[in-house]
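In what follows, a single structure is set out as structure tokens and then discussed.
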Amino acid sequence: MDTLNPMIRWASAGTVAIAAAALVGCSQLTGGDAVCPGCGTVAEPSFPTSSPSVSSPAPSPSAPPTAPGTTGAAPGGQNLPANDQGYVYIETKSGKTRCQINETAVGCESEFENSPEIDGEQANGVNVTAGGEVRWVVGNLGDIPTVPIDYGTYSAVGWTIFADASGTRFTNDRTYHGMFVAVEGVQTF
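Whatever position you read off the sequence shown (first residue = 1), add 74 for our numbering.
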């Protein structure tokens, strides 16, 4: 009951053989790490961005405690407006830490001295949610338009940020969960 022309059968068989060979070629694995010029934890895409500027806030006479692990948000502070997607991007005064902040989480990138290893690589990012969940990551925020912040208190999308020479503290204004970030380490609360 085979009604196919023999030429069509051979053409179909040839197509199947070529497709199978292509699939086998795609399934080959090569050991080692991916390597590319400029790749790594400090590589960034190169596209122009402008960094918004922020003037330094006046020192707060009632600065919050800077001890990592204490709770409570600092009142007030200079407001850092979100972009159209609801994010605020900051860079610390030292230039060693960059963070992205939205209503639900804060994620920071730095060359942390005591971060955990993830899949054989040292984590260079940490994320804390408003609910207090923390996650370490290996990644890169890319060429984001950061606002450089000075030492002082800031407010951004429901988070209070307090920066001083020892590090930067992020406290969610609603839940009081957050983290204290420094190159030397991260403490969550």
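Glycine residues also receive a C-beta, built at the ideal position from the N, C-alpha and C atoms.
Here the structure is a predicted model, which means the values were calculated and not measured.
Only residues of its own chain outside the window of five on either side were considered, and among them Gly160, Tyr161 and Val231 have a CB closer than 7 Å to the CB of asparagine 176, listed in chain order.
If you look at asparagine 201, you'll find it in the beta strand (DSSP E) that goes 199 to 203.
For the 8 Å CB-CB criterion, tyrosine 163 and proline 222 do not form a contact. Rounded to whole angstroms, glutamate 187 and threonine 249 show a C-alpha spacing of 28 Å. Sequence-distant partners of glutamate 183 (beyond 5 residues in either direction) whose C-beta falls short of 8 Å from its own C-beta, in its chain, are Thr171, Arg172, Cys173, Asn198, Gly199, Gly213, Asn214 and Leu215. Distances from the CA of arginine 243 to each of Asn153, Asn157, Pro155 and Val180 were compared; the closest alpha carbon is that of Val180.
By the neighbour-count definition (other C-beta atoms within 10 Å, threshold 16), threonine 178 is an exposed residue. Distance from the CA of glutamate 207 to the CA of phenylalanine 254, rounded to the nearest whole angstrom, comes to 14 Å. Using a 10 angstroms sphere on the CB of alanine 204, the tally of other CB atoms reaches 16 or more, which defines it as buried. In the three-state reduction of the DSSP assignment, serine 240 falls in the coil class.
Across the set Glu165, Trp210 and Thr262, the C-alpha of Glu165 shows the shortest separation from the C-alpha of aspartate 217. Residue burial annotation: asparagine 153 is exposed, with fewer than 16 other C-beta atoms found within 10 angstroms of its C-beta.
With distances taken between CA atoms, histidine 251 lies nearest to Phe263 out of Gly259, Phe263 and Gly169. For glutamine 196, same chain residues with a beta-carbon under 6 Å away, outside a window of 5 residues either side, are Ser189 in chain order. As computed with DSSP, arginine 172 is found in a beta bridge with Glu165 and Glu183. At the C-beta level, tyrosine 225 and aspartate 238 come within 8 Å of one another. Secondary structure of tyrosine 228 (DSSP, three-state): strand.
In this structure, tryptophan 210 sits near isoleucine 192, with a CB-CB distance shorter than 8 Å.
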